[in-house]
Each structure stands twice: as structure tokens, then as C-alpha cells.
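J.:
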Amino acid sequence: MNGLGESVGLHWFRKDLRLHDNRALLKAIKTSSTLIPLYILDTKYLSPAYRGVNYQSWILDTLRCLNDELRAKGSRLFVVIGNPINVLLSVIEKFQVKSITWERDTEPYNKDIDDRLYDICRDDEIDAHGFWGHTLYDPDYLLELNEGAAPLTMTGFLNIIALAGPPLKPVAAPSTVPGPPTDIYCGDIFETIPTLSDLKSYGYNPLDKTTKFVAGEKEAFRRMEKFLAQRSRVATFDKPKTNPTSLEPDTTALSPYISRGSLSTRYFYSKLLEALGESTESTRPILKGSLEGQLYWREMAYLIGYSTPNFNQMVGNPVCKQIPWLEGKEAKMLLHKWEMGKTGYPAIDAAMNQLRIDGWLHHLGRHLVACFLTRGDLWVHWELGRDIFNRYLLDSDWSITNFSWHWLSCSAFFHQYFRCYGPTTFFKRTDQTGAYVRKFVPILKNFPDNYIYEPWKAPIEVQEAAGCIIGKDYPMPIVDHDVESKRNMGKMRMAYLNAQLLNLNFMY
């Protein structure tokens with residue numbers, strides 16, 4: 045199907061949806077006279093119940109931006125729906141592909157695909173090159189430095205980083221990209237980047253999209269450069285002290301771009317060090333709440349997820365405490381009310397509404413709602429909350445999301461279960477007038493400030509004046525926080541004691 049002497053290469057885009065700092069793509073360009081840039085929409089994830097409309101729209105918008113970048117370099121992106129291995133086998137066969145490059149992945153499902161792809165290419169004598177590019181470091185190298193085990197504390201992790209030395213420097217984007225075969229179009233390949241309308245048969249409705257985030261590599265650069273230009277803010281950044289109720293993100297809000305690879309972690313790290321080097325307020329050693337520290341938390345989560353069996357579940361997970369979470373119909377009912385912002389606690393409901401609308405939530409808002417769902421109030425399994433986050437978050441990330449839910453449910457990594465976020469008090473620290481609640485729970489917008497976080501305490505005449513009757517127009521609290529939080533602390537205490545008595549090998 046190809047001209048005599050053509051060396052057809054295939055670059056499989058995964059979480060590297062960019063041209064800058066893409067070693068796998070550069071390898072493909074170097075070794076191919078004709079190149080097929082391919083993205084596969086995996087049918088495993090094509091369901092609104094698993095990946096919501098905002099998330100799927102974000103992926104498609106990112107692909108369109110990547111396609112624009114490729115076109116400017118003389119190529120274009122091809123998109124196929126299907127099982128990754130089946131699609132790759134089909135493309136390899138149809139176009140007599142001689143080499144394939146891709147970015148390796150740490151998730152178990154994707155690790156299995158990597159292994160199968162290597163086997164296929166070896167059997168068919170196809171050059172196969174997988175690169176680590178979604179993390180700062182090669183995770184296998186970090187594990188070697190620690191005798192095959194991932195450190196489970198930040199102190200331990202930073203000790204390994206000190207041994208590893210600085211990460212690889214980012215590489216520049218290619219100046220040109222070889223064009224694809226002239227006969228590339230076949231029945232399974234979209235002639236243009238698909239839209240949500242093309243995914244209607246999978247249950248996606250374009251009218252359901254609500255996120256306002258702008259996708260793509262250029263937007264990621266714009267946001268990064270705007271934030272890093274604030275040298276003093278960068279140098280003194282302390283994430284736990286940022287504002288979860290700010291109506292505009294009080295952090296970088298780069299996580300959606302990093303999670304899909306529109307922004308390389310190594311590139312951001314290099315630019316961050318440049319900014320810190322130009323500031324007179326930079327602090328050393330590394331502070332856990334600093335921007336540099338956030339990248340190391342990310343790296344640590346990836347390493348733990350990569351090396352821990354069953355990290356996405358409680359059972360069979362060696363780092364996770366076995367806790368008897370609520371199950372059955374009651375758990376499903378509580379989970380649904382939490383997901384839909386109908387708990388009767390305005391702070392919780394506002395945060396969950398923002399999650400569903402924007403596809404993003406400040407990390408302290410995530411802490412608040414995750415604690416409330418699990419050990420704080422509802423005693424619902426962290427795995428169920430994790431699944432809801434994965435459905436709505438644009439920055440949904442297997443390793444980080446699982447790590448965070450372990451932490452916030454006190455199932456691993458953080459063990460001060462007696463410290464809970466107050467659903468009526470936590471947001472008051474940064475928003476005493478309730479502007480955040482008024483935006484994301486508009487039915488409460490006319491309540492006086494002193495009742496905005498506890499509207500059920502307002503006299504009936506105040507409720508009538510606000511145009512919202514509690515229990516009718518807005519729900520009563522689904523649980524009594526003062527009662528349930530104390531009860532759940534007792535349950536956590538018993539779970540911890542049982543772990544000690546049974547002498548289970550929990551790793552902290």
C-alpha cells in the first residue's frame with residue numbers, strides 16, 4: 045500500500061497530547077519517512093457513567109488543538125474508536141508499519157497493553173519504542189534506588205529524589221512532522237476530529253457540556269506563563285493556604301492540562317525552577333505545599349500506584365486499611381445525594397455542583413467533600429467517591445485520585461482520623477458571606493450571611509423572605525454532623541485497633 049522504500053512509522057498518542065517535550069514523537073520522526081499520528085478512543089471508557097460529558101468533551105477539544113499543531117508542522121492527527129490492541133494491530137497490518145512509538149503508562153490496564161504491544165512487535169519484527177514522559181522520572185529507576193519499593197512518606201520519597209538527581213531536561217517541539225500515507229483513510233478512521241455529536245451512540249449529548257475550560261497546548265502555556273510571571277507568588281506559594289472558595293481558581297489550575305499531557309511535567313518543572321531562580325523570596329529546602337512540592341507529591345503518587353498491587357481498591361491492597369464501610373441501598377442513596385449536591389449542607393453541595401459544572405474543584409474543596417462522604421459523615425466507601433470524581437474531573441488521574449482517596453478516608457498515608465473538615469465551618473474561614481455557595485447553590489442566594497451555611501436554622505419568616513423553604517425547596521441535612529462525625533471516629537478507632545490486633549501487615 046506504500047511507495048517503494050517508504051518507512052512507515054506509527055506514533056500512538058496517549059497522555060502526551062502535545063508536541064513539546066515528546067521524546068517518543070521525536071523518535072518516530074527521526075526513524076520514519078512517513079508517519080501516522082494516531083489517537084485511540086478506548087471503548088472501555090466511552091460511557092457517560094464512567095467518563096462524563098465534560099471530561100469527554102475536554103479530550104476531544106484537546107485532540108482538536110493537537111491536530112491544529114500537527115497540521116502546522118505538515119501532518120495531522122487520526123482518531124479511531126476501539127480496543128487499543130485491536131486498533132493498533134489493524135493499522136500496523138493495513139499500512140505495513142515498520143516502527144511504533146508511544147508514551148508508557150503506569151496504570152495497570154495500560155501497563156498490560158504496553159506489555160502486549162511489546163510482545164506483538166517482537167513477534168512481527170516491528171521496532172517498538174516506549175518512553176516515560178508523563179512523570180518527571182522513570183519509575184523503574186526510582187524503584188531500583190529503593191530496593192524495589194516505593195517510599196510511602198514524602199520524607200522517604202525526597203531521599204530517593206536526592207539519589208536520583210535532577211530529572212531529564214525537556215526537549216523542544218519538532219520543526220516538522222513527516223506526512224501520513226496518502227491512502228490513510230479507511231472505514232474506522234475519522235476524517236476529522238470527532239465531536240460529542242459523533243459519540244451520541246455511546247450516550248453523550250453535546251447539550252450537556254458545561255465546563256468553560258479552554259483546551260490545548262497553547263492555552264496550557266498561556267496559563268503557565270501568566271502564573272509563573274508572578275515571581276513573588278510563585279516563590280511563596282503554599283497550597284494549603286490557598287482559597288477554596290475563590291470564584292476564580294486560586295491555584296495554577298494546570299492539572300487538567302498536565303493530566304492529559306497538553307503540558308509536560310518536565311517542562312513545567314524546568315520553567316518553575318527558572319522562576320524560582322529569579323525570585324529573592326524562594327525558600328529551601330523543598331516545602332511540601334510549594335509548587336515544587338506539588339510536583340513531588342504527584343510523582344510519589346505515581347510511583348506508589350505503579351508498584352502497589354490493587355491500588356485502586358481496598359481488598360488485596362497492602363497499603364490500605366480494611367474498613368467496614370456502609371454498603372447496600374442506604375450507601376447508594378447517600379452517594380447519589382452527595383453526587384448531585386443534595387446533602388442539605390450548602391458547602392458540600394456547592395462544591396459538588398462546581399465539580400459537575402466546571403469539571404474542576406480546588407483541592408481543599410475536594411478534601412471537604414471526600415472527608416464528608418467517607419470517615420467524616422456518611423461512612424460511604426472511598427472507592428465509590430473516587431468513581432464519581434473520575435466521572436466529572438477534567439484532571440481525572442488514576443494514580444493521584446486513588447492516592448487522594450486513600451489519604452482523605454484515612455485508609456492510608458494520613459492517619460489522624462480524629463481531624464475532620466466541618467461542613468458548616470470550613471468554608472467560613474475564607475468566605476464569611478457565602479459568595480461561593482450563592483453561586484453554586486443559587487436557591488440559597490437570598491439567605492442572610494449568618495444562615496448561608498446552616499439555612500435550616502433560619503426562622504421560617506427568614507426562609508420565606510429568601511424564597512426558599514428548607515425541606516421543600518432545599519433539603520434538610522441528610523445526617524447530623526455532630527452525631528455522625530463522633531460515631532465515625534469511633535468506627536475508625538475500632539478499624540485501627542482491629543488492624544493492630546490481627547497483626548495485619550499494613551504499611552504506613
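Those letters in the sequence shown? Residues 45 to 552, by the numbering used here. C-beta: ideal position from N, C-alpha, C; glycine also. Values in this document were obtained by computation on a predicted structure and should not be read as measured data.
#1: Give me whichever residues DSSP pairs with HIS173 in a beta bridge.
#2: According to DSSP, simplified to helix, strand and coil, what is THR226?
#3: So TYR465 packs on GLY420, CB below 8 Å; how close in whole Å?
#4: With DSSP run on the structure shown, which of helix, strand or coil describes LEU240?
#5: Output yes or no for whether 8 Å exceeds the beta carbon distance between TYR558 and THR468.
#6: Quick check: what's the CA-CA separation for ASP163 versus PHE457?
#7: Suppose contacts are defined by Cβ-Cβ distances below 8 Å. Is CYS512 in contact with SER455 by that definition?
#8: Bridge partners of PHE57, per DSSP?
#9: Have a look at the DSSP bridge pairing and note the partners of PHE122.
#10: Bridge partners for ILE233 per DSSP, in chain order?
#11: So for SER51, helix, strand or coil by DSSP?
#12: By Cβ distance below 8 Å, which residues in the same chain neighbour GLN100 in space, the five residues on each side in sequence not counted?
#13: Any chance the stretch 71 to 84 sits against the stretch 275 to 287, with 3 or more Cβ pairs inside 8 Å?
#14: Decide if the stretch 408 to 428 is in contact with the stretch 307 to 322; the criterion is three or more beta carbon pairs, one per stretch, under 8 Å apart.
#15: Roughly how many whole angstroms lie between the Cα atoms of PRO211 and LEU316?
#16: Identify the continuous alpha helix (DSSP H) that holds ALA116 and give its terminal residues.
#17: Could you tell me the distance, in whole angstroms, from the CA atom of ASN532 to the CA atom of GLN366?
#18: Here's a check: name, in chain order, each residue in its chain whose Cβ is nearer than 6 Å to the Cβ of LEU61, leaving out the five neighbours to either side.
#19: In whole angstroms, what is the alpha-carbon distance linking TRP404 and TYR346?
#20: Hey, how far is the Cα of LEU54 from the Cα of PRO499?
#21: Can you tell me whether DSSP reads PRO499 as helix, strand or coil?
#22: Nearest CA to the CA of LEU79: which residue from LEU298, PHE57, PHE175, VAL97?
#23: Return the CA-CA distance between GLY321 and GLU336, expressed in angstroms with no decimal places.
#24: When DSSP labels each residue in this structure, what does VAL424 get in the three-state scheme?
#25: Can you look up MET45 in the DSSP assignment and give me helix, strand or coil?
#26: Would you kindly work out how many angstroms separate the C-alpha atoms of ASN356 and ASN397, rounded to a whole number?
T.: Put simply:
#1: Walking along the sequence shown from the start, residue 173 turns up at place 129. HIS173 pairs with THR145.
#2: The residue you call residue 226 lines up with position 182 of the sequence shown. In the structure shown, THR226 sits in coil (DSSP, three-state: anything other than H, G, I, E or B).
#3: On the sequence shown, position 421 is the one that residue 465 refers to. On the sequence shown, position 376 is the one that residue 420 refers to. Going by Cβ atoms, the distance from TYR465 to GLY420 rounds to 6 Å, so yes, they are a contact pair.
#4: Residue numbering aside, residue 240 sits at position 196 when the sequence shown is read from its first letter. In the three-state reduction of the DSSP assignment, LEU240 falls in the helix class, which pools H, G and I.
#5: Shown here, the chain extends from 45 to 552; a query on residue 558 therefore has no answer.
#6: Stepping through the sequence shown from its first residue, residue 163 is reached at position 119. Stepping through the sequence shown from its first residue, residue 457 is reached at position 413. Taking the Cα positions, ASP163 is about 36 Å away from PHE457.
#7: The count along the sequence shown starts at 1 and reaches residue 512 at position 468. The count along the sequence shown starts at 1 and reaches residue 455 at position 411. No, these two residues do not count as a Cβ contact at 8 Å.
#8: As a working note, residue 57 is residue 13 in the sequence shown. TYR83.
#9: The residue given as residue 122 occupies position 78 in the sequence shown. DSSP output for PHE122 lists LEU82 as bridge partner(s).
#10: Working through the sequence shown from its first residue, we reach residue 233 at position 189. Looking at the DSSP assignment, ILE233 forms a beta bridge with VAL124.
#11: In the sequence shown, counting from the first residue as 1, residue 51 sits at position 7. Assigned with DSSP and collapsed to three states, SER51 falls in coil, not helix or strand.
#12: Here residue 100 corresponds to residue number 56 of the sequence shown, with the count starting at 1. So the qualifying residues of the chain are LEU90, PRO92, LEU240, LEU243, TYR248.
#13: By the Cβ criterion, the stretch 71 to 84 is not in contact with the stretch 275 to 287, since fewer than three pairs of Cβ atoms, one from each stretch, lie closer than 8 Å.
#14: Contact annotation: the stretch 408 to 428 does not touch the stretch 307 to 322, with fewer than three C-beta pairs closer than 8 Å.
#15: Position 167 of the sequence shown, counted from the first residue, corresponds to residue 211. Position 272 of the sequence shown, counted from the first residue, corresponds to residue 316. Spanning the alpha carbons of PRO211 and LEU316 requires a straight line of approximately 13 Å.
#16: Position 72 of the sequence shown, counted from the start, is the residue given in the question as residue 116. In this chain, the alpha helix (DSSP H) harbouring ALA116 covers 97 to 116.
#17: Within the sequence shown, the letter at position 488 stands for residue 532. Within the sequence shown, the letter at position 322 stands for residue 366. Answer to the nearest angstrom: the Cα atoms are 15 Å apart.
#18: Within the sequence shown, residue 61 is the residue found at index 17, counting from 1. The beta carbon of LEU61 is closer than 6 Å to those of THR106, LEU110, ARG304, GLY305, SER306 in its chain, skipping five residues each way along the sequence.
#19: For the purposes of this step, residue 404 is taken as residue 360 along the sequence shown, with counting starting at 1. For the purposes of this step, residue 346 is taken as residue 302 along the sequence shown, with counting starting at 1. Going from the Cα of TRP404 to the Cα of TYR346 covers about 20 Å.
#20: Here residue 54 refers to the residue found at position 10 when the sequence shown is read from its first residue. Here residue 499 refers to the residue found at position 455 when the sequence shown is read from its first residue. Whole-angstrom Cα-Cα distance: 59 Å.
#21: Translated into positions along the sequence shown, residue 499 becomes position 455. Here PRO499 sits in helix by DSSP.
#22: Start at 1 with the first residue of the sequence shown, and residue 79 comes out as number 35. The shortest C-alpha separation from LEU79 is found at PHE57.
#23: Residue mapping note: residue 321 aligns to position 277 of the sequence shown, counting from 1. Residue mapping note: residue 336 aligns to position 292 of the sequence shown, counting from 1. So the two alpha carbons sit approximately 12 Å from each other.
#24: Along the sequence shown, one-based indexing puts residue 424 at 380. Assigned with DSSP and collapsed to three states, VAL424 falls in strand.
#25: Position 1 of the sequence shown, counted from the first residue, corresponds to residue 45. Confidence in MET45 is poor, its pLDDT being 45 and thus under 50, which makes the residue's placement unreliable; the coordinate value appears in the next sentence. Assigned with DSSP and collapsed to three states, MET45 falls in coil, not helix or strand.
#26: For this step, residue 356 is matched to residue 312 along the sequence shown. For this step, residue 397 is matched to residue 353 along the sequence shown. Cα to Cα, the separation comes out at about 25 Å.
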